[in-house]
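This note's numbering puts the sequence shown at residues 20 to 206.
Positions of the beta carbon are idealized from the N, C-alpha and C atoms, including for glycine.
No experiment lies behind these values; they were computed from the predicted model shown.
Working notes, beginning with the structure itself.
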Amino acid sequence: MTEKEKMLAGETYSALDAELLKELNECKDIVHEYNLLVPSKRAERTAMLKSLFGHVGDDNILINQPFYCDYGKHISVGKRFFANFNFTVLDEALVTIGDDCFVGPNVSIYTACHSTDPVERNTRREWALPVTIGDNVWIGGSVTILAGVTIGDNVTIGAGSVVTRDIPSNTVAVGNPCRPIKSIPVG
């Protein structure tokens, strides 16, 4: 397996692999160009995101600049997606976001994982786990979502939360660590 195949399979891989570093740099160049676009050039911004991401559900996508990601192609968003300023996605693994999702400012999604052992960590070997976010989800400002998490449908994540484990559908969840505090009746 290549290091990229290992990365996408959730296996330990070398973050110093030449192919991965090339893809990271190519993505960072595109993201840099995106962040320099005049905000009123909405059609150009949409086109750039559609070419950067692995999947975009429709043309009704808006991500306010600045925006940051590592690969781009590992991100999939559904229809009517909005993210506010400083949206950061470390997409070493797949990040799948459903329809009608709204992301507040300063939200980060991290799929990369690193050893807690400093000697092992310094070898630049890491692994990545996917993040999945369902339909009709609101993620409040300054939320951090960690690797391997699934957030169900019809969920509100309160501002400042750190999501370290799965959140079930039809709930309001808050805190550090984030946990459901209320059910949402859906009818």
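- Secondary structure of Ile-203 (DSSP, three-state): coil.
- Proximity to Tyr-90 across Arg-184, Gly-160, Gly-73 and Val-156 peaks at Gly-73, based on C-alpha coordinates.
- Distance from Ile-203 to Asn-189 at the Cβ level is roughly 5 angstroms; contact confirmed, criterion being Cβ atoms closer than 8 angstroms.
- When Arg-140, Arg-99 and His-93 are compared, the shortest CA-CA separation from Glu-24 is found for His-93.
- Under the DSSP definition of a beta bridge, His-133 partners with Glu-145.
- In this structure, the alpha-carbon of Cys-132 lies about 5 angstroms from that of Trp-146.
- In the DSSP assignment, Cys-120 falls outside any beta strand (DSSP E) and carries neither an H nor an E.
- When rounded, the separation of the alpha-carbon atoms in Gly-167 and Arg-61 is 32 angstroms.
- Each of Ser-59, Cys-46, Ser-180 and Val-50 was checked against the Cα of Asn-125, and the nearest Cα belongs to Ser-180.
- In this structure, the CA atom of Ile-200 is about 11 angstroms from the CA atom of Val-174.
- CA-CA distance, Gly-159 to Ala-178, rounds to 4 angstroms.
- A Cβ-Cβ contact shorter than 8 angstroms links Ile-170 with Gly-153.
- Distance from the CA atom of Leu-81 to the CA atom of Cys-88, rounded to whole angstroms, is 15 angstroms.
- A direct Cα-Cα distance of roughly 32 angstroms separates Met-26 from Val-191.
- A check of alpha carbon separations from Gly-76 across Gly-97, Met-67 and Leu-68 identifies Gly-97 as the nearest.
- If the five residues before and after Arg-143 are omitted, its C-beta is found closer than 8 angstroms to the C-beta atoms of Ser-33, Ala-34 and Leu-35, all from its own chain and listed in chain order.
- Closest by C-alpha distance to Asn-54, out of Thr-135, Thr-107, Ala-28 and Thr-21, is Thr-107.
- Ranked by Cα distance from Asp-78, the options Pro-187, Glu-22, Arg-99 and Pro-58 are led by Arg-99.
- In this structure, Glu-22 places its C-beta atom within 8 angstroms of the C-beta atom of Glu-38.
- In the structure shown, the three-state DSSP call for Leu-39 is helix.
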